[in-house]
Amino acid sequence: MNNVKTICFLKIRKVCRKVTCKKKPENNKLKDGLDDLKQELDMDEHKIPLEELYARLNTDPENGLKSEEVKIRLERDGPNALTPPKTTPEWVKFCKTLFGGFSMLLWIGAILCFIAYGIQRSAEDEDVKDNVDNSALTGESEPQSRTTEFSNENPLETRNLAFFSTNAVDGTCRGIVISTGDRTVMGRIANLASGLELGETPIHKEINHFIHLITAVAMVLGVTFFIIAFILGYRWLEAVIFLIGIIVANVPEGLLATVTVCLTLTAKRMASKNCLVKNLEAVETLGSTSTICSDKTGTLTQNRMTVAHMWFDNKIFDADTTENQTGARFNKSSPTWTALARIAMLCNRAEFKTGEENKPVLKRECNGDASETAILKCTELCVGKLSIHETDDKDERYLLVMKGAPERIIDRCSTILLNGKEKPLNDEMRERFNKSYMKLGGMGERLIALFRNFKFNEEEPNFPVSGLRFVGLMSMIDPPRAAVPDAVAKCRSAGIKVIMVTGDHPITAKAIAKGVGIISKGSKTVEDIAAEKGIPVEQVNPREAVACVVHGSDLREMTPAQIDDILVNHPEIVFARTSPQQKLIIVEGCQRQGAIVAVTGVAMGIAGSDVSKQAADMILLDDNFASIVTGVEEGRLIFDNLKKSIAYTLTSNIPEITPFLVYIGFGLPLPLGTITILCIDLGTDMIPAISLAYEEAESDIMKRMPRDPLHDRLVNERLIAMAYGQIGMIQALGGFFVYFVIMAENGFWPSRLVGIRKEWDSRAVDALSDSYGQEWTYKQRKRLESTCQTAFFASIVIVQWADLIICKTRRNSVIQQGMWNKYLNFALFFETALAIFLSYCPGLDKGLRMMPLSLTLSSLDANT
2 MNNVKTICFL KIRKVCRKVT CKKKPENNKL KDGLDDLKQE LDMDEHKIPL
52 EELYARLNTD PENGLKSEEV KIRLERDGPN ALTPPKTTPE WVKFCKTLFG
102 GFSMLLWIGA ILCFIAYGIQ RSAEDEDVKD NVDNSALTGE SEPQSRTTEF
152 SNENPLETRN LAFFSTNAVD GTCRGIVIST GDRTVMGRIA NLASGLELGE
202 TPIHKEINHF IHLITAVAMV LGVTFFIIAF ILGYRWLEAV IFLIGIIVAN
252 VPEGLLATVT VCLTLTAKRM ASKNCLVKNL EAVETLGSTS TICSDKTGTL
302 TQNRMTVAHM WFDNKIFDAD TTENQTGARF NKSSPTWTAL ARIAMLCNRA
352 EFKTGEENKP VLKRECNGDA SETAILKCTE LCVGKLSIHE TDDKDERYLL
402 VMKGAPERII DRCSTILLNG KEKPLNDEMR ERFNKSYMKL GGMGERLIAL
452 FRNFKFNEEE PNFPVSGLRF VGLMSMIDPP RAAVPDAVAK CRSAGIKVIM
502 VTGDHPITAK AIAKGVGIIS KGSKTVEDIA AEKGIPVEQV NPREAVACVV
552 HGSDLREMTP AQIDDILVNH PEIVFARTSP QQKLIIVEGC QRQGAIVAVT
602 GVAMGIAGSD VSKQAADMIL LDDNFASIVT GVEEGRLIFD NLKKSIAYTL
652 TSNIPEITPF LVYIGFGLPL PLGTITILCI DLGTDMIPAI SLAYEEAESD
702 IMKRMPRDPL HDRLVNERLI AMAYGQIGMI QALGGFFVYF VIMAENGFWP
752 SRLVGIRKEW DSRAVDALSD SYGQEWTYKQ RKRLESTCQT AFFASIVIVQ
802 WADLIICKTR RNSVIQQGMW NKYLNFALFF ETALAIFLSY CPGLDKGLRM
852 MPLSLTLSSL DANT
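Under the working numbering, the very last position in the sequence shown is 865; numbers go up by exactly one each time.
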């Protein structure tokens, strides 16, 4: 027996090693981890007799483990706790940011400058006649019974196992701990999931693509003009300086800071809408989502059993299942309802916890079974507060009330209460009962029948089990959240496919899917079509069915091709009775279709466990599906706004690089200096670029299909053409215009400037003649050069005003969008004020080489 246990242990450890091994190639490691995670639970402890289990675990049913054995197992297996997931140290994150992407180019430039100038219930138990809440693991809203009997090959469905992360809600038991810590079902899932390497997010791919593009351009231009400089006779030191200038001019130094700030601002907005972002890049990824695989319990539903319908007086009545109690009302004046409510209150062991009196009834916490809790809250809402009074009741008979499974209760009854009067329960009434029973059951609701009888024998310890009076039915369901149907409809209009993946029963899952719109009104499954035509399900062409409900046991036998066929040919899909491993298979199938998949819930329930929180990129603070749709909208918005910010930022690259090209190629005095470029990229352009993150969504943002990551790039040809070929060229022309005007006003005509660079920059030439024969000293020439560079800088800032307004919309006109972005309006003022400050602040002429400008562009005195 010990050998079997050891093999099982080693198998699990081997799985873990596959996930964490560092020597494997990344793709193989990820594939191995995914393959292991997709495997169903391989265990037989729930199948073998108890005596054999005691022997295998080397334990005693009365005394448990011996102290020596406890020490051995603690040393071998560690404490009964999940191993916390590996985290990246903060200093590593810092270094990745400091030395990654564009920063590497700037570090190269800096090094060249130095060269140039000298340098995370902690066990699985076997319970006896107990009820456990498995919603945290399987998504089932109803408590599941637990006995010592082996009932299913699947460990997740057998009745003689209870799992870590589930709660015992009724009964008492003695259990045998068969696994602890990372060996538990949840521990295995947690270890495998946390050990998988994360793939690149779409936004990370886009940024990397952009970085590679800009880096290639910068390096090609830099090296090209480095070589040209040598050919033209420049010294190697001068050529290195040219290389540095071209790299700095090509790199939008403030862009990564702008992207990070934009993502952070969006994350803060989402947090205010109950969507906590852990990974900033996941913000945009959610916007790219084309498929959402959502759990049912607590995400699509309220995770509380609620009385949905009642059947009495031969009629079905709707109960109010809304969260704010603004839904259906029914007539409470019927004597039958009074009797039904009385039975529901008396035959009920649930009770409100102390200290809950001031809370709304539906928000109060209760002790007891979920179904009895639902009945308690229903009667409290319908009848109101109850108190006990002694009455002078002449009737000394005993009252027997009972509730239970309808098909068993109806067999014990001979009469039925209709409008307060007792009637025979004949075949006609039984047929009406059966129709109502099947109708409510088909809605995925759990039914309980209630009846009463006044005949009771006090002398003998027994009670009647036949000839009873049937009163009515109550059906319960975990109702959908109020905002979910609208959210699902919004997803459809946005081209997003919503798939329900739950561990609950197929009938219940299908009912909820219809209730929230995942299965549209009128859509039919093959079972529905077969029932309509009166033929076997096998004779129905699956292509006729729009909707599809797949059982986990069927999914287990499917090939990837069969799964793909379902995903491609059925737009409305529900997967029921699924395990966590099968959820991964479903997601993988969606990804094979090219979908970007968002997965929520993972059957973790309304109080998501630490395991799920640690593995998540995003946490729904209210566990509400509608919050996901909000996230999708925010993700699409940030993608649009990032394009706007990048377009705005890239525009100034052209007027920053062309001065260096002209400087090298035509030998002109440098029109724009490196320090001035940094004043633009890290100064005047930063706040305007960030302000675009606050731009409101354009009207069509949730009316269009999800973006195609292969074609709708963050930086595409159209954006480059607009930023570089249009606005950028206008900025460059504007800059050169003021440059040549100031030079001409001071005596240097364009023809005189060509090829003058060497003499202009030479300290040895202290008397350089202009076009009129005036002589300029080195100090005077550099002062004029700084004035021209300041004017070039000012012209870029002025054209960036128009660029900012142009970039604020991608589809709407500026009139449609309006100028209501207060941050953008402030940014216009800010960049202007900063430009004025840099130009006119005393002392900056030495530090930043900025000179005060005159509105008349009057000439400098050659003698100053």
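For each residue, glycine too, the CB sits at the ideal point set by N, CA and C. Treat the numbers as computed from the prediction; the structure is a model and nothing was measured.
Contact check for V541 against V550 fails: the beta carbons are separated by 7 Å or more. Following the DSSP letters along the chain, one finds H310 in no alpha helix (DSSP H) but inside the beta strand (DSSP E) bounded by residues T307 to F313. Residues E634, R637, L638 and D641 of the same chain have their beta carbon placed closer than 8 Å to that of I702, with the five preceding and five following residues left out of the count. Burial check for N654: the Cβ neighbour count within 10 Å reaches 16 or more, so the residue is buried. In the three-state DSSP reduction, R175 falls in the coil class, being neither helix nor strand. Counting only residues of its own chain and dropping the five nearest sequence neighbours on each side, R413 has a CB closer than 7 Å to the CB of V466, S467 and L469. In this model, L51 and L162 are separated by some 12 Å (Cα to Cα). A straight line joining the alpha-carbon of R782 with that of S752 spans about 17 Å.
For T380, the CB contacts under 6 Å within the same chain, skipping 5 residues up- and downstream, are A342, A345 and M346 in chain order. For P543, the secondary structure class from DSSP, reduced to helix, strand or coil, is helix. Excluding residues up to 5 positions away in sequence, A599, M619, I629, G632, V633, E635 and G636 lie with their Cβ nearer than 8 Å to the Cβ of L287 in the same chain.
Under the criterion of beta carbons closer than 8 Å, I293 and V252 do not qualify as touching, at roughly 38 Å. Assignment of V588 by DSSP, reduced to helix, strand and coil, places it in the helix class. Counting only unbroken stretches of 3 or more residues, no beta strand (DSSP E) element lies wholly within the region 638-676. Only residues of its own chain outside the window of five on either side were considered, and among them Y695 and E696 have a CB closer than 6 Å to the CB of N822, listed in chain order. Taking all protein chains in view, the Cβ of E63 is surrounded by fewer than 16 other Cβ atoms within 10 Å, so the residue is classified as exposed. Beta-bridge partners of I293 (DSSP): V499 and A599. Here Q592 is exposed. Its C-beta has fewer than 16 other C-beta atoms within 10 Å. Non-local beta-carbon contacts of R160 in its own chain, meaning distances under 7 Å to residues more than five positions away in sequence, involve S146, R147, T148, E150 and S152 in chain order. W338 is the residue among W338, D771, R557 and R350 whose C-alpha sits nearest the C-alpha of D319. As a beta-bridge residue in DSSP terms, L769 pairs with W777. Counting only runs of at least 4 residues, the region 712-754 fully encloses the following alpha helix (DSSP H) elements, listed from N- to C-terminal order: 718-721, 730-746 and 751-754.
Residue state for L363 is assigned as helix, using DSSP reduced to three classes.
DSSP lists P425 and R470 as the bridge partner or partners of T416.
Within the same chain, and ignoring the five residues on either side of A648 in sequence, the residues whose Cβ sits closer than 6 Å to its Cβ are L720, A724 and C808. Per the coordinates, the alpha-carbon of M271 lies some 7 Å from the alpha-carbon of V278. Secondary structure of H571 (DSSP, three-state): coil. Here V221 carries a helix assignment [DSSP, helix/strand/coil]. Going by C-alpha positions, M44 is about 16 Å away from Y55. With respect to the C-alpha of N304, the residue from A250, N359 and L363 having the closest C-alpha is L363. For the 7 Å CB-CB criterion, M852 and T788 form a contact.
By the neighbour-count definition (other C-beta atoms within 10 Å, threshold 16), P361 is an exposed residue. Of all alpha-carbon atoms in A792, I508 and L711, the one lying nearest the alpha-carbon of M744 is that of A792. Just measuring C-alpha positions, the residue of R57, D565, A82 and P480 sitting nearest I179 is R57. The three-state reading of DSSP puts P336 in helix, counting H, G and I together. Taking each of E558, D555, K780 and D314 in turn and checking the Cα distance to R850, the smallest one comes out for K780.
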